[in-house]
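Colleague: In the working numbering, the protein residues as written are -10 to 305.
All C-beta atoms, glycine included, are put in the ideal place defined by N, C-alpha and C.
Note that the structure is predicted; figures quoted are calculated from it, not measured.
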C-alpha cells in the first residue's frame, strides 16, 4: 500500500499497536462470498461461506470478524445454527465438539450499510470520471465491515467472489474470471476465483462503468480498468506494465505466480494504491492524457504496487 501522506502512514502504524491478535482455533481454507451492491442506498446484501478445519479436537464454537453487519441467518454444514454477536465477533456454537480432521462450512447471510471496507462514490464526486463506482479497502482490518470472515493476517485461504451490480456496470476482483451474466432485471453478475491462498485483507473488488485497456506478458493477461471514457488516460499512465512484470520476474528469479495482473482506478481513494492480490486498486488521481505531463507519479505507484505482488501478497 502506498500512502498519500506521512501522517496517514503514522496513523496506520499506530493502529498496528492497537490491534489485538485473535486466538486461532481453526485453519481457514476457503471463503466463498457474494455481494449485491445498491449504490442508491449505499447498502450491500451478502452471503459468505467460510470453509475451515479445527486446529485441535474439541472445538465447540467458531468466531468470525463482523463489523456492524446485520446477520440474518447462519448454517453449519447446511444445518441452521444459532449465533450471537459480541462486539466485532460473530460467534457460532457448533452444538458439539468438532474434531481436528473435520471440515466445517459456515454460511452467513447478512446485510449492511458499511461504515468502512466498502465505499460508494457518486458520479459528481468522481472527477475526472464523472461516473459512479464502488470499491473495497481491506487493510488494515476493514474487510470485516463488508464480509464476515477471519480478518487477521496470520492465516491464508483461497477465495471466490460474486458481485451483483447495477445495469451497465463491470466488476473486477481477485484471480481468474469465471463468468459474467446479465439478469432479466438488467443487473450484472460477475464471478471470480482466486486459487492461491492469501490473507483476507487482500480480498477486493471495484465496480462501476469501466473501460479496460489490455496487454499481456507471454500468456499472462495484464489490464488497466479506467472509468468509462478514460481508457486512453489509463493506457497513457499504465501502458507498459507488462514490461514491469517481466522486470520483477527476472529480478527476483520468481515468475509472477498468478492468473492475471490488473489495476483498477477509483475516485476518492484514501491512499495512492493498494496491493490487492492480482487486482491492484489505484487512485484515479494519477491518470493523465498522453499529451500532458502527469501531476502525480503513476509509474512509481505502478512499480510499488506491482512489487507487492511478490512482497506483501506472495510473502505475507
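Could you pull out every unbroken alpha helix (DSSP H) segment of at least 4 residues lying fully inside the segment 219 to 244, listed in chain order?
Modeller: With a minimum length of 4 residues, the continuous alpha helix (DSSP H) runs that stay inside the segment 219 to 244 are 220 to 227, 230 to 241.
Colleague: In whole angstroms, what separates the C-alpha of residue -1 from that of residue 129?
Modeller: Only weak support exists for where residue -1 lies, its pLDDT of 37 falling under 50; the value from the coordinates is given anyway. Each residue's alpha carbon lies about 13 Å from the other.
Colleague: With DSSP collapsed to three states, give me the class of residue 27.
Modeller: Residue 27 falls in the strand class under three-state DSSP.
Colleague: Would you mind sorting residue 133 into buried or exposed? The rule is 16 or more other CB atoms within 10 Å of its CB.
Modeller: Residue 133 should be labelled buried.
Colleague: In this structure, does DSSP put residue 301 in helix, strand or coil?
Modeller: Looking at residue 301 - three-state DSSP - the assignment turns out to be coil, as it is neither helix nor strand.
Colleague: How would you call residue 304, buried or exposed, if buried means at least 16 neighbouring beta carbons within 10 angstroms?
Modeller: When all chains shown are included, residue 304 counts as exposed.
Colleague: To which residues of the same chain is residue 238 closer than 7 Å at the C-beta, ignoring the five residues directly before and after it?
Modeller: The residues are 244, 245.
Colleague: Quick one: measure Cβ to Cβ for residue 74 and residue 86, integer angstroms, because I've assumed they're closer than 8 Å.
Modeller: No, residue 74 and residue 86 are not in contact; Cβ-Cβ is about 23 Å, not under 8 Å.
Colleague: Near residue 115, what residues of its chain come up, given a Cβ to Cβ distance below 8 Å and the 5 sequence neighbours on each side ignored?
Modeller: Here the set comprises 121, 122, 216, 256, 257, 273.
Colleague: Exposed or buried, residue 52, counting other C-beta atoms within 10 Å across all chains shown (16 or more means buried)?
Modeller: Flag for residue 52 reads buried.
Colleague: Taking the C-alpha atoms as reference points, what is the distance between residue 4 and residue 268?
Modeller: The predicted position of residue 4 is uncertain, since its pLDDT is 42 and thus under 50; no value can be drawn from it.
Colleague: Looking only at DSSP bridge pairs, what is residue 71 linked to?
Modeller: Paired residue(s): none; residue 71 is not in a bridge.
Colleague: With DSSP as the reference, identify every bridge partner of residue 203, one or two as the case may be.
Modeller: Answer by DSSP bridge pairing, in chain order: 212.
Colleague: Compute the Euclidean distance between the alpha carbons of residue 47 and residue 23, then round it to the nearest angstrom.
Modeller: Their Cα atoms are separated by approximately 31 Å.
Colleague: Using the three-state DSSP reduction, which class does residue 273 fall into: helix, strand or coil?
Modeller: Three-state result, residue 273: helix.
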